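Peer 1: What follows is a structure written as structure tokens; I'll ask about it next.
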Amino acid sequence: MPTVSVSWAGKITTVFRKEMLSEFRTRYAFNAIIMFSLVTLTVVSFSLGINRPGPEVMAALFWIILFFAAASGLAQVFVKEEESHTAGFLRLYAPATAVLIGKIIFNLFLLICMTVLLVPLYIILLDTIPQNFILFTIGLLLGIIGLAGSTTIIAAIVSRASIKGALFAVLSFPVLLPLLVAAIEITLVSFTGGDFAAAGSALQLLLAYDVVMLTLSIMLFDFVWQL
Amino acid sequence: MIQLEAIDLSKSFGTRRIFENVSFSTGIGESLAITGPNGSGKSTMIHILTGLGRASSGTVQYSGDRGKLAFEQYHDRMSVVTPYHELYDALTAFENIVFYTRMSGREVSREDMDEAVKSVGLTGRGNDAVGSYSSGMKQRLKYALARLRQPEILLLDEPTAYLDASGKELILEYLKSLKNSALMVIATNEREEADFADRVCQLGG
Numbered sequence: 313m314p315t316v317s318v319s320w321a322g323k324i325t326t327v328f329r330k331e332m333l334s335e336f337r338t339r340y341a342f343n344a345i346i347m348f349s350l351v352t353l354t355v356v357s358f359s360l361g362i363n364r365p366g367p368e369v370m371a372a373l374f375w376i377i378l379f380f381a382a383a384s385g386l387a388q389v390f391v392k393e394e395e396s397h398t399a400g401f402l403r404l405y406a407p408a409t410a411v412l413i414g415k416i417i418f419n420l421f422l423l424i425c426m427t428v429l430l431v432p433l434y435i436i437l438l439d440t441i442p443q444n445f446i447l448f449t450i451g452l453l454l455g456i457i458g459l460a461g462s463t464t465i466i467a468a469i470v471s472r473a474s475i476k477g478a479l480f481a482v483l484s485f486p487v488l489l490p491l492l493v494a495a496i497e498i499t500l501v502s503f504t505g506g507d508f509a510a511a512g513s514a515l516q517l518l519l520a521y522d523v524v525m526l527t528l529s530i531m532l533f534d535f536v537w538q539l
Numbered sequence: 267m268i269q270l271e272a273i274d275l276s277k278s279f280g281t282r283r284i285f286e287n288v289s290f291s292t293g294i295g296e297s298l299a300i301t302g303p304n305g306s307g308k309s310t311m312i313h314i315l316t317g318l319g320r321a322s323s324g325t326v327q328y329s330g331d332r333g334k335l336a337f338e339q340y341h342d343r344m345s346v347v348t349p350y351h352e353l354y355d356a357l358t359a360f361e362n363i364v365f366y367t368r369m370s371g372r373e374v375s376r377e378d379m380d381e382a383v384k385s386v387g388l389t390g391r392g393n394d395a396v397g398s399y400s401s402g403m404k405q406r407l408k409y410a411l412a413r414l415r416q417p418e419i420l421l422l423d424e425p426t427a428y429l430d431a432s433g434k435e436l437i438l439e440y441l442k443s444l445k446n447s448a449l450m451v452i453a454t455n456e457r458e459e460a461d462f463a464d465r466v467c468q469l470g471g
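Line order of the protein sequences matches chains A and B.
Residues 313 to 539 in the numbering used here are what the first sequence spells out, letter by letter.
Residues 267 to 471 in the numbering used here are what the second sequence spells out, letter by letter.
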């Protein structure tokens, strides 16, 4: 019979592995995110033609594509649990915090896959090369960590509502606004070749946002999950 | 020694009252059947007893030798089988078992899993995706999972739903084997299952 031995890290890994296996076999969220980002990028590329707007618009476009692609797929981690009636056993048998962290890591993994595909295509199709690539990468990493943390907890909140899509957009916009403002600022500085000092306040804001959102998510998730 | 006590439970959906002031208590080695016509709140009662559902008024309390048990403490000792909670269709039976036993903090060996699926008549189907299972096979798999959790508290809603004659026999045998070592609450309309219990709580009548 089973013996007691699985640590907290083991439980988080188990949730992540379960999400990976399910996603690998169904490709529910991955396809949505990748297709949305590729289609949006292509449409933007054709719309702009040879006329490239300034770096402010290009930085904003980059994060708009990321945000909507994330919104199209990341909510599925909790929505599909409710829709396929698997959330009941998960609530009964799994510790809430391990479920949340496992799902945040999975969403972060999806976002990393998406950006690995999206960034080179963005650079090629929109002919926009970050002049400070290290700053661009750090801003991007902090941005997607915040995006994964925020969208995962919002997905948990909306998953039990009847109008999930609309509620996700309504809830995520105000929550993600500070993240998007800071991330766009950092991306803009990186496009124009500015240094870390020029993006200092935005980097601090983004780092603080990530820490606050992840901490709040973990603190509030028990309540949200057992609601 | 775990004791379940439900005190003055009432449940309403909007203005519609489902049940009112229901009280009962039961403990290890006892089984309680909750019966009643459709819509009388049997499944709702099981949902409330799991700790996931909320009663409109009244309290549910699980207590052990050292007093009241917290949510995590009684969940760790609990197995639930209901047609409304599903396993993961995209995963195989073994992957589902590994997932849920690991989430409960336990490792499960291949031999234990083989034995568990064999005990519910699913020998040789452990590596098949649960999505390819019939409703009856899924129900059997839920019992395999419940068995591996070695529950002290067993909450069952329509315990033989979707099962064929041999499945019903297997499950009733399993429940008999647990009768002295577990606290069982069974929501059912089946005479045989209600007769299996030591006491009956009738809802809606």
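Don't be surprised by glycine CBs; every beta carbon is placed ideally from N, CA and C.
Remember, predicted model here, so these are calculated numbers, not experimental data.
1. Based on the DSSP output, what are the partners of B/G293 in its beta bridges?
2. Please determine, among B/S375, B/D464 and B/G293, the residue with the shortest C-alpha to C-alpha distance to B/Q327.
3. In the region 329–402 of chain B, which residue ranges form an unbroken beta strand (DSSP E) of at least 3 residues, counting only runs that do not cross its ends?
4. Indicate whether at least one CB of chain A lies closer than 8 Å to the CB of B/G280.
5. Could you please give me the residues that DSSP links to B/M450 through a beta bridge?
6. For B/S278, does the three-state DSSP call read helix, strand or coil?
7. Just to confirm, are B/L421 and B/I312 a CB contact at a threshold of 8 Å?
8. Compare the C-beta of B/F365 against all C-beta atoms of chain A and say whether one is closer than 8 Å.
9. Kindly list the residues whose CB is nearer than 7 Å to the CB of A/V487, restricted to its own chain and excluding five residues on each side of it in sequence; keep chain order.
10. Should B/E456 and B/P349 be called a contact, given that it needs their Cβ atoms to be closer than 8 Å?
11. Where A/L517 and A/I416 are concerned, what is the direct C-alpha to C-alpha distance, given to the nearest angstrom?
12. Based on the DSSP secondary-structure assignment, which residues constitute the bridge partners of B/T325?
13. Find the residues of chain B that neighbour A/S283, judging by a C-beta separation of less than 9 Å, and give them in chain order.
14. Does DSSP put B/Q405 in a helix, in a strand, or in coil?
15. Along the region 366–385 of chain B, where does the CB come closer than 7 Å to a CB of chain A? Name the residues.
16. Per DSSP, what kind of secondary structure is B/N455 in: helix, strand or coil?
17. In angstroms, rounded to a whole number, what distance separates the CA positions of B/G387 and B/S443?
Peer 2: In terms of the structure at hand:
1. One-based indexing of the second sequence puts residue 293 of chain B at position 27. Beta-bridge pairing links B/G293 to B/Q269.
2. Start at 1 with the first residue of the second sequence, and residue 327 of chain B comes out as number 61. B/Q327 has its Cα closest to that of B/G293, out of B/S375, B/D464 and B/G293.
3. Within the region 329–402 of chain B, complete beta strand (DSSP E) segments of at least 3 residues are found at 344–347, given in chain order.
4. As a working mapping, residue 280 of chain B is identified with position 14 in the second sequence. Not closer than 8 Å to any Cβ of chain A, the Cβ of B/G280 fails to qualify, so no.
5. The count along the second sequence starts at 1 and reaches residue 450 of chain B at position 184. B/M450 is bridged to B/S297 and B/L420.
6. The count along the second sequence starts at 1 and reaches residue 278 of chain B at position 12. It is a strand residue.
7. Counted from its first residue, the second sequence places residue 421 of chain B at position 155. Counted from its first residue, the second sequence places residue 312 of chain B at position 46. Taking 8 Å as the cut-off, the Cβ atoms of B/L421 and B/I312 count as close.
8. Here residue 365 of chain B refers to the residue found at position 99 when the second sequence is read from its first residue. It does; some Cβ of chain A falls within 8 Å.
9. Position 175 of the first sequence holds residue 487 of chain A. Here the set comprises S462 and I466.
10. What you label residue 456 of chain B is simply residue 190 of the second sequence in a count that begins at 1. What you label residue 349 of chain B is simply residue 83 of the second sequence in a count that begins at 1. Against a cut-off of 8 Å, the Cβ pair of B/P349 and B/E456 comes out as no contact.
11. Position 205 of the first sequence, counted from the start, is the residue given in the question as residue 517 of chain A. Position 104 of the first sequence, counted from the start, is the residue given in the question as residue 416 of chain A. Cα-Cα distance, rounded: 20 Å.
12. Along the second sequence, read from residue 1 onward, the residue named residue 325 of chain B stands at position 59. Residue pairing by DSSP puts B/T325 in a beta bridge opposite B/I273.
13. Since the first residue shown for chain A is 313 and the last is 539, residue 283 of chain A is missing from the structure and cannot be characterised.
14. The residue you call residue 405 of chain B lines up with position 139 of the second sequence. In the three-state reduction of the DSSP assignment, B/Q405 falls in the helix class.
15. Considering only beta carbons, the part of the region 366–385 of chain B lying closer than 7 Å to chain A consists of Y366, T367, R368, M369, S370, G371, R372, E373, V374 and D378, in chain order.
16. Reading the second sequence from its first residue, position 189 is the one you call residue 455 of chain B. Residue state, collapsed to three classes: coil.
17. By one-based count along the second sequence, residue 387 of chain B stands at place 121. By one-based count along the second sequence, residue 443 of chain B stands at place 177. Near 17 Å, if we compare the C-alpha coordinates of B/S443 and B/G387.
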